[in-house]
Ligand code: SAH
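Residue numbers (my numbering): 5 to 849.
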């Protein structure tokens, strides 16, 4: 009997939606909302039938046992007891029972299909067909003929969505999603080449003779792209990340804290990191702390930021880091120039000529080493003399390199810092490289020294790039957002710069942070672009949202994190919360499933969330007028958080030799000094929970919780201004309770921001008449107390408010270091989340 051909369809246009003719859902995934797909009968019938004898019964029953189970007759549950439908219920979906299984079929009497063949499946009129691997073929107990499809996704069906043009159109991604369809929906056999993910895109050439090629799995949970597992690949002989049993044991010893074993195997593994848009360095600080806890000595070797104060803070707290105070755009140009210099002086070989030609044009140093050697000799004696008004200056040595316009003469380019013979370092000057053409030997010396010391990163020398490119073009505060083409907005350009730097340096790992708006704005345009670029560059990738409070802070602060890993590396898992702050599955909005959290209704025992009191109750009382950068502590720590946050670096590392003798001081515990008017307003806010400007005389709360002024009761300040400022009354059309809001001890802060003015946020101390100090904000962000900040007060607040919360970065650093060492955690190695060790928040390396 020939079965009727059935057409299946999926919701189109939804780029986060799997191409599934029939309903299926990945285990534990909560990323998509699916609807049952209608199956439409068509008038014309397709002839489809199986060939050969059925697979022997015993073999079929062993391979697909569920298909042969007797059908249970379930008693319907009384409605009150029926549980809410969850994704997991999908597993309970009725399984089509089989009479027998087959290995081969023929459709329309012309096209044969074998088990494990790839094929097009009907998707509906006018729609591109779905792509699948046939993983099962059987005759149902109902007499119909079926096959089970395991789906491939086109880039446009993945999270990359509208940016699919970034991806080779022959490239598809294999999923774990399967479902059963009628045999007649098969359209055409395909040849899909399963190949290893290789950072070298030349592999594409080898794939011309196929319909598609596939080098990655796409898993809906956390929008994960992962290199194919060994068993998926055909004829691949790739060396594994972990090279030998000894190596595995060594790593395991370090992780398990088995000291003897780890001593026997030598010291910690090392890794280098570049922190882009580093600010004062919170993100990399946390990442390195976490990595240490997982047995990896991750070192921030380079950092870049445009803000000089932020750079100073980073430099002070991280003497091991080469901090560059410049724009990321210039940094990339500098990296290209540096590579050219290294190639020129034969320190590096050029991998391929195209790459060399692509380097930003610089022909300041002659291109041919041999030719220039001759001229060296000719120039000998004359080298490095510069003449200025008759006075001759001689270059003693080159001591620095930069790109931009350090002389502020509106001439951008490559500059070298010159130490002049007979002059002090304070007389060093930046000179354009063109003016130093007769200093070839000096330049060579400098480049050689710099190359050895790694003053700038080069491809192959960077293990991790971290950082969050600022994208002010997506901020909700920006009324002129370009939601059609967000990347055309100059304010979002840094995402391109960031990805271009990744492309140039090809680090093993990328960890990008950003505001959640990156996922929300313009249907997630920028986040999708970022993933698209990573996949285009053959990185594996995973994205999630993490709430800072869930890692032990009295602040909620949800942020977006995107992780990339080269094909040779293990893709990190996201660390599950340690504190009870956030759950997943509450809000059915797009990407909600990417929240790193336990599902609603979980029973895992987490630590209680932290409150303001837990974080700042031990700090000395200060006045609004406090300006001192350093003051003594006057109390002992009162909570485990306070105890931990006071630990200094040397104490954390266990070498507290000198620390006992030095009395620790408290840095940056001073507030934004409010002007007299605002100070008087703050003094008028009662010292109780929930107090704000609404408690001022003359403010009346009317219907709809909207405030207005009763002018007859107005009070005036010494300056003659009204106690109740107009902006407070008008803020959010009179509905806000934020202006001059006082925090209370049992509260958490939504998000520490960069400004400290009390005009439109709740930031007044519970019992003192002032805004939270820089140190209090820093504690809310998890900065250790010994992290000292530099710059004017407002700049310090900016550095703290901009930071990635240190404990979140620490949890991610742990995850990264585990992956770096080839270790995944938990029973399900490929599951995107893992549980941090007990007591992680206050763990010392
Ligand atoms: N990750 C940091 C915070 C970074 S905030 C931390 O955890 O501490 C973003 C930073 O980007 C700011 O410090 C700002 O000065 C810097 N920035 C903005 N535009 C830049 C550009 N074009 N080049 C370099 N830095 C830039």
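Just so it is clear, CB atoms sit at the ideal spot from N, CA and C, and this is done for glycine as well.
Segment limits, beta strand (DSSP E) that includes residue 747: Within the chain shown, the letter at position 743 stands for residue 747. That residue, residue 747, is in no beta strand (DSSP E); it is neither H nor E in DSSP.
Are the beta-carbon atoms belonging to residue 222 and residue 157 less than 9 Å from one another? By 1-based counting over the chain shown, the position of residue 222 is 218. By 1-based counting over the chain shown, the position of residue 157 is 153. Yes. Within cutoff.
What separation, rounded to the nearest whole angstrom, lies between the Cα atoms of residue 220 and residue 823? What you label residue 220 is simply residue 216 of the chain shown in a count that begins at 1. What you label residue 823 is simply residue 819 of the chain shown in a count that begins at 1. Cα to Cα, residue 220 sits roughly 18 Å from residue 823.
What is the residue span of the alpha helix (DSSP H) that residue 722 lies within? The residue labelled residue 722 in the question sits at position 718 within the chain shown. Residue 722 -> no alpha helix (DSSP H), and no H or E assigned at all.
With a CB to CB cut of under 8 Å and the five nearest residues on each side skipped, what residues in its chain are close to residue 144? The sequence position of residue 144 within the chain shown is 140, counting from 1. Answer for residue 144: 100, 101, 102, 103 and 150, listed in chain order.
Taking the alpha helix (DSSP H) that residue 686 falls in, what are its first and last residues? Counting from 1 along the chain shown, the entry for residue 686 is found at position 682. In this chain, the alpha helix (DSSP H) harbouring residue 686 covers 680-687.
What residue from 228, 322 and 554 has the CA that sits closest to residue 585's CA? As a first step, residue 585 is located in the chain shown; it is residue number 581 there, counting from the start. With distances taken between Cα atoms, residue 585 lies closest to 554.
Roughly how many whole angstroms lie between the Cα atoms of residue 118 and residue 194? As a first step, residue 118 is located in the chain shown; it is residue number 114 there, counting from the start. As a first step, residue 194 is located in the chain shown; it is residue number 190 there, counting from the start. Answer to the nearest angstrom: the Cα atoms are 11 Å apart.
Which whole-angstrom value is the C-beta distance of residue 300 and residue 273, which I expect to be below 8 Å? Counted from its first residue, the chain shown places residue 300 at position 296. Counted from its first residue, the chain shown places residue 273 at position 269. So it is a contact: roughly 5 Å between Cβ atoms.
Using DSSP with H/G/I as helix, E/B as strand and the rest coil, what is residue 171? Residue numbering aside, residue 171 sits at position 167 when the chain shown is read from its first letter. Looking at residue 171 - three-state DSSP - the assignment turns out to be coil, as it is neither helix nor strand.
Does the beta-carbon distance from residue 741 to residue 802 come in below 9 Å? Taking the chain shown and counting its residues from 1, one reaches residue 741 at position 737. Taking the chain shown and counting its residues from 1, one reaches residue 802 at position 798. Contact check for residue 741 against residue 802 fails: the beta carbons are separated by 9 Å or more.
Can you give the Cα-Cα distance for residue 561 and residue 779, rounded to whole angstroms? Position 557 of the chain shown, counted from the start, is the residue given in the question as residue 561. Position 775 of the chain shown, counted from the start, is the residue given in the question as residue 779. Their Cα atoms are separated by approximately 18 Å.
Report the rounded CA-to-CA distance for residue 93 versus residue 182, giving the unit in angstroms. Locating residue 93 in the chain shown gives position 89, where the first residue counts as 1. Locating residue 182 in the chain shown gives position 178, where the first residue counts as 1. Bear in mind that a pLDDT of 44 at residue 93, under 50, signals an unreliable position, so the number given afterwards is only what the model happens to contain. If I take the Cα positions, the gap works out to 15 Å.
Is the beta carbon of residue 282 within less than 8 Å of some heavy atom of ligand 3? Ligand 3 is not part of this structure, which contains only ligand 1.
On the DSSP letters alone, give me the boundaries of the beta strand (DSSP E) that residue 63 sits inside. Here the question's residue 63 lines up with position 59 in the chain shown. Where residue 63 is concerned, there is no enclosing beta strand (DSSP E), although the alpha helix (DSSP H) around it starts and stops at 61-67.
Please report the Cβ distance between residue 228 and residue 546, rounded to the nearest whole angstrom; I am assuming they are in contact, meaning their Cβ atoms lie under 8 Å. Numbered from its first residue, the chain shown carries residue 228 at position 224. Numbered from its first residue, the chain shown carries residue 546 at position 542. With a Cβ gap of about 5 Å, residue 228 and residue 546 count as contacting.
Considering only the alpha carbon of each residue, which of 638, 595 and 646 lies closest to residue 619? Numbered from 1 along the chain shown, position 615 holds the residue referred to as residue 619. Restricting attention to 638, 595 and 646, the CA atom closest to the CA of residue 619 is found in 646.
Meets three-Cβ-pair contact criterion under 8 Å: the region 560-575 and the region 516-530: Here the region 560-575 makes contact with the region 516-530; the two share three or more CB pairs at distances below 8 Å.
If you follow the beta strand (DSSP E) that residue 453 is part of, which residue opens it and which one closes it? In the chain shown, counting from the first residue as 1, residue 453 sits at position 449. Where residue 453 is concerned, there is no enclosing beta strand (DSSP E), although the alpha helix (DSSP H) it sits in stretches over 444-457.
Flag this pair as touching only if the region 676-693 and the region 613-632 have three or more C-beta atom pairs under 8 Å; answer yes or no. Yes: at least three Cβ pairs fall under 8 Å.
Kindly indicate which residue of 137, 159 and 132 has the alpha-carbon position closest to the one of residue 539. Working through the chain shown from its first residue, we reach residue 539 at position 535. Of the candidates 137, 159 and 132, the one whose C-alpha sits nearest the C-alpha of residue 539 is 159.
Name the DSSP beta bridge partners of residue 230, please? Position 226 of the chain shown holds residue 230. Answer by DSSP bridge pairing, in chain order: 221.
Does ligand 1 have even one heavy atom less than 8 Å from the beta-carbon of residue 788? As a position in the chain shown, residue 788 is number 784, starting the count at 1. Flag unset: Cβ of residue 788 not near ligand 1.
What is the residue span of the alpha helix (DSSP H) that residue 817 lies within? In the chain shown, the residue the question calls residue 817 occupies position 813. Per DSSP, residue 817 is one residue of the alpha helix (DSSP H) stretching across 810-824.
Status (buried if at least 16 other CB within 10 Å, exposed otherwise) for residue 502: Looking up residue 502 in the chain shown gives position 498. Residue 502 comes out buried.
Distance, residue 172 Cα to residue 837 Cα: Indexing the chain shown from 1 puts residue 837 at position 833. Indexing the chain shown from 1 puts residue 172 at position 168. Take the alpha-carbon of residue 837 and the one of residue 172: they are about 30 Å apart.
Just tell me which of 846, 499, 424 and 419 has its CA closest to the CA of residue 395. As a position in the chain shown, residue 395 is number 391, starting the count at 1. Comparing Cα-Cα distances from residue 395 to each of 846, 499, 424 and 419, the minimum goes to 424.
Is any non-hydrogen atom of ligand 1 found closer than 8 Å to the C-beta of residue 333, if you look at the structure I gave you? Against the chain shown, residue 333 aligns to sequence position 329. Residue 333: yes, Cβ under 8 Å from ligand 1.
Over the uninterrupted alpha helix (DSSP H) stretch that includes residue 647, give me the two end residues. Counted from its first residue, the chain shown places residue 647 at position 643. Counting along the chain, the alpha helix (DSSP H) containing residue 647 begins and ends at 644-650.
Distance check for residue 613 and residue 773, CA to CA, integer angstroms please. Counting from one through the chain shown, the residue named residue 773 turns up at place 769. Counting from one through the chain shown, the residue named residue 613 turns up at place 609. One C-alpha to the other measures close to 26 Å.
What residue from 527, 437, 556 and 847 has the CA that sits closest to residue 406's CA? Within the chain shown, residue 406 is the residue found at index 402, counting from 1. Looking at the Cα atoms, 437 is the closest of the given residues.
Should residue 783 go down as buried or exposed, given a rule of 16 or more other Cβ atoms within 10 Å for buried? Reading the chain shown from its first residue, position 779 is the one you call residue 783. With 16 or more Cβ atoms within 10 Å of its Cβ, residue 783 is classed as buried.
Can you tell me the Cα-Cα spacing of residue 828 and residue 334, whole angstroms? Mapped onto the chain shown, residue 828 falls at position 824. Mapped onto the chain shown, residue 334 falls at position 330. Rounded to whole angstroms, the gap between the alpha carbons of residue 828 and residue 334 is 37 Å.
I need the DSSP call for residue 374, collapsed to helix, strand or coil. For the purposes of this step, residue 374 is identified with residue 370 of the chain shown, where counting begins at 1. In this predicted model, residue 374 has a pLDDT of only 44, less than 50, meaning its place in the structure is not dependable; the value taken from the coordinates is given anyway. Reduced to three states, the DSSP call for residue 374 is helix.
C-beta contact flag for residue 701 and residue 727 at 9 Å: Numbered from its first residue, the chain shown carries residue 701 at position 697. Numbered from its first residue, the chain shown carries residue 727 at position 723. Yes. Within cutoff.
In whole angstroms, what separates the C-alpha of residue 338 from that of residue 418? Counting from 1 along the chain shown, the entry for residue 338 is found at position 334. Counting from 1 along the chain shown, the entry for residue 418 is found at position 414. C-alpha of residue 338 to C-alpha of residue 418: approximately 7 Å in a straight line.
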